[in-house]
Amino acid sequence: MLTRSMPLIFLVNLLVMGCHLVELPKPKPPKPIEITLQSEAPFTVGAAIDPTRLRNDTAYRRVLSKEFDGITAENMLKMNNVHPAQNTYDWSRADYIVQFALDGKKRMHGHTFVWHQAIPGWVNNFVGDSAAWEGLLKDHILKVGGYYQGKVSSWDVVNEAFQSNGSLRNTGEGGSIWRRNLGPDYVARCFQYARQADPKAVLFYNDFGQETSPAKLKAMLDMVTDFKKRNIPIDGIGLQMHINLNTPNEGIANAIRSSAQTGLKVHISELDVAINPGGSTSIEFTDELKERQRQKFFYVVKTYKELVPKAQQHGITTWNVGDADSWLRSYYKRKDWPLPFDDAYQKKPAYYGFIEGLR
Ligand code: XIL
11 MLTRSMPLIF LVNLLVMGCH LVELPKPKPP KPIEITLQSE APFTVGAAID
61 PTRLRNDTAY RRVLSKEFDG ITAENMLKMN NVHPAQNTYD WSRADYIVQF
111 ALDGKKRMHG HTFVWHQAIP GWVNNFVGDS AAWEGLLKDH ILKVGGYYQG
161 KVSSWDVVNE AFQSNGSLRN TGEGGSIWRR NLGPDYVARC FQYARQADPK
211 AVLFYNDFGQ ETSPAKLKAM LDMVTDFKKR NIPIDGIGLQ MHINLNTPNE
261 GIANAIRSSA QTGLKVHISE LDVAINPGGS TSIEFTDELK ERQRQKFFYV
311 VKTYKELVPK AQQHGITTWN VGDADSWLRS YYKRKDWPLP FDDAYQKKPA
361 YYGFIEGLR
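The numbering of the sequence shown is our numbering, which starts it at 11 and goes up by one.
And the structure:
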């Protein structure tokens, strides 16, 4: 036994000695794992983005790449941008966004096939009977949904169809050209066309203000019940969640809870927490306001995580990335600081509120 194992021991010794001749590199201390929104979240954390910024602003691009694992096109999949003339589709700017998402293995959410805003001129000027209108809308959904099949995995099929009193937008201020030309059941047909365009895509109804408009929340939930009864395909509810520091927490919880009770997926699809909804010109973003914003982000994220069952958590998307690119500034022409990243894309207290809400 002993003698037979001798040569082996000898060999091992030789090897060990040989190793000592080579200077071994010192083991590096393990790299601390960096905490990001996507590393902490059990669901997708997305942001709504713009291709020009993505191309030109390195801080914006860096934060996006690192912190987020979901992407929504802020404007480039809206009808005016993607379908500028009846027989012209312009994929270029949306493609740039979709490619960024694919390259970074981020989930791409489509926003939106049908909205009463972002209507191209040719649609505003379109003349035709209801069959012609139906054909127009159906073609649009089939074409755009079909083009992005396998790349865009979920869609806001219809955006903001209801008014705050719960009735469908129709005529007058904030009315809908779709409802006027297609009749009250157009929303259902949009979902059918969307399913046809991409049978695998997850289909959402998306709207804002469910946390403060009980009538709108009810209208949306009633629509879901009706769709289920009639076998109209719908997979999820998008709560935009454009809120502000004073939006009551009970309203937020109520919107999230009752959406989850439908059994559908729930997406907080456009989150931002406005500081200055009244549009004061003298307001400054004080430490006190930063702290209140941190608490609001914490509340929304924590409530979503607690009240939406895991299988129904589609994720949370912020509307834009940092304060510098917030739509609230450009759209409402006012001062505001509604996002988790500041003007230089550094983390704000709101960011840490988001992170704490995930834990
Ligand atoms: C906004 C964009 O952020 C702006 O750039 C654009 O000028 C108008 O639309 N609800 C929605 C989004 O569903 O599409 C809106 O996006 C913000 C409100």
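No residue lacks a Cβ here, since even glycine has one placed at the ideal position from N, Cα and C. Nothing here was measured: the structure is a model prediction, and the numbers come from that model.
Neighbourhood of residue i by C-beta, 7 Å cutoff - its chain only, sequence neighbours within 5 removed
| i | result |
| --- | --- |
| LEU34 | none |
| PRO61 | MET86, ARG103, TYR106 and ILE107 |
| LEU281 | MET251, VAL310, ILE326, THR327, THR328 and TRP329 |
| LYS275 | VAL212, ASP245, GLY246, GLN322 and HIS324 |
| ILE129 | MET89, ASN90 and ILE187 |
| GLN356 | none |
| ARG71 | LEU64 |
| ALA141 | none |
Rounded C-alpha distance that separates residue i from residue j
| i | j | result |
| --- | --- | --- |
| LEU147 | CYS200 | 8 Å |
| VAL167 | LEU192 | 16 Å |
| SER163 | ALA207 | 12 Å |
| GLY273 | GLN322 | 7 Å |
| ILE59 | LYS36 | 44 Å |
| PRO258 | GLU221 | 8 Å |
| PRO348 | ASP139 | 44 Å |
| GLY363 | ARG369 | 10 Å |
| TYR158 | TYR309 | 35 Å |
| LEU21 | LYS38 | Note on LEU21: pLDDT 47, under 50, position unreliable in the model; the coordinate value appears next. Looking at the two C-alpha atoms, the distance is approximately 30 Å. |
| HIS324 | GLN48 | 13 Å |
| LYS226 | GLY248 | 13 Å |
| ARG63 | ARG240 | 43 Å |
| PRO94 | ARG189 | 21 Å |
| VAL197 | GLU366 | 38 Å |
| THR235 | GLN202 | 16 Å |
| ASP195 | SER340 | 34 Å |
| GLY156 | ASP100 | 14 Å |
| GLY131 | SER336 | 26 Å |
| ASP297 | THR291 | 18 Å |
| GLU144 | LYS161 | 26 Å |
| SER223 | SER174 | 6 Å |
| ASP352 | GLU50 | 20 Å |
| ILE285 | GLU84 | 21 Å |
| LEU74 | PRO40 | 25 Å |
| MET233 | ASN97 | 33 Å |
| GLU44 | VAL331 | 19 Å |
| GLN305 | PHE136 | 48 Å |
| MET27 | PRO42 | Below a pLDDT of 50, predicted positions are generally treated as unreliable, and MET27, at 49, falls in that range; the measurement from the model is reported next regardless. Taking the straight line joining both Cα atoms gives about 34 Å. |
Proximity of residue i and residue j at Cβ, strictly below 7 Å
| i | j | result |
| --- | --- | --- |
| PRO350 | TYR361 | yes |
| ALA204 | ILE151 | yes |
| ASN216 | SER269 | no |
| PRO359 | LYS300 | yes |
| LEU231 | ILE266 | no |
| GLY246 | PHE214 | yes |
| THR54 | GLY80 | yes |
| ILE293 | LYS345 | yes |
As assigned by DSSP and simplified to three states, the class of residue i
| i | result |
| --- | --- |
| PHE201 | helix |
| GLY114 | coil |
| GLU294 | coil |
| ASN134 | helix |
| HIS150 | helix |
| ASP282 | strand |
| PHE53 | coil |
| ALA270 | helix |
| ILE187 | helix |
| GLN127 | coil |
| VAL276 | strand |
| GLY246 | strand |
| THR13 | Here the model assigns THR13 a pLDDT of 47, short of 50, so the residue's position is not dependable, and the following value carries that caveat. Three-state result, THR13: helix. |
| ASN90 | helix |
| ILE45 | coil |
| THR235 | helix |
| GLY80 | strand |
| LEU368 | helix |
| ASN254 | strand |
Residues near residue i by beta carbon distance below 8 Å, same chain, minus five either side
| i | result |
| --- | --- |
| SER186 | HIS126, ALA171, LEU178, ARG179 and ASN180 |
| PRO52 | LYS315, LYS320, GLN323 and LEU368 |
| THR46 | LYS76 and GLU77 |
| TRP165 | HIS119, GLY120, HIS121, THR122, PHE123, GLY155, ALA204, ASP208, ALA211, VAL212, LEU213 and PHE214 |
| LEU25 | Because the pLDDT of LEU25 is 46, which lies under 50, any placement of that residue in the model is unreliable, and the number read from its coordinates should be weighed accordingly. If we look at LEU25 and ignore the five residues flanking it on each side, it has no Cβ neighbours. |
DSSP bridge partner residues for residue i (one or two, in chain order)
| i | result |
| --- | --- |
| ASP166 | HIS121 and PHE214 |
| THR68 | BP columns for THR68 are empty, so no partner. |
| HIS324 | None; HIS324 has no bridge partner. |
| LEU178 | PHE172 |
| PHE351 | GLY332 and LYS357 |
| ASN97 | According to DSSP, ASN97 bridges with nothing at all. |
6 Å Cβ shell around residue i - same chain, five flanking residues per side excluded
| i | result |
| --- | --- |
| PRO287 | ASN254 |
| PHE237 | ILE244 |
| ARG169 | Inspection of the sequence shows that residue 169 is occupied by Asn rather than by Arg. Closer than 6 Å at the Cβ level, and outside the excluded window around ASN169, lie THR122, TRP125 and ASN216. |
| GLN303 | VAL283 and ALA360 |
| PHE218 | GLN250 and HIS252 |
Distance cut-off 6 Å: residue i Cβ against heavy atoms of the ligand PLP
| i | result |
| --- | --- |
| ASN169 | Summarising the ligand content, the structure contains the ligand XIL and does not contain the ligand PLP. |
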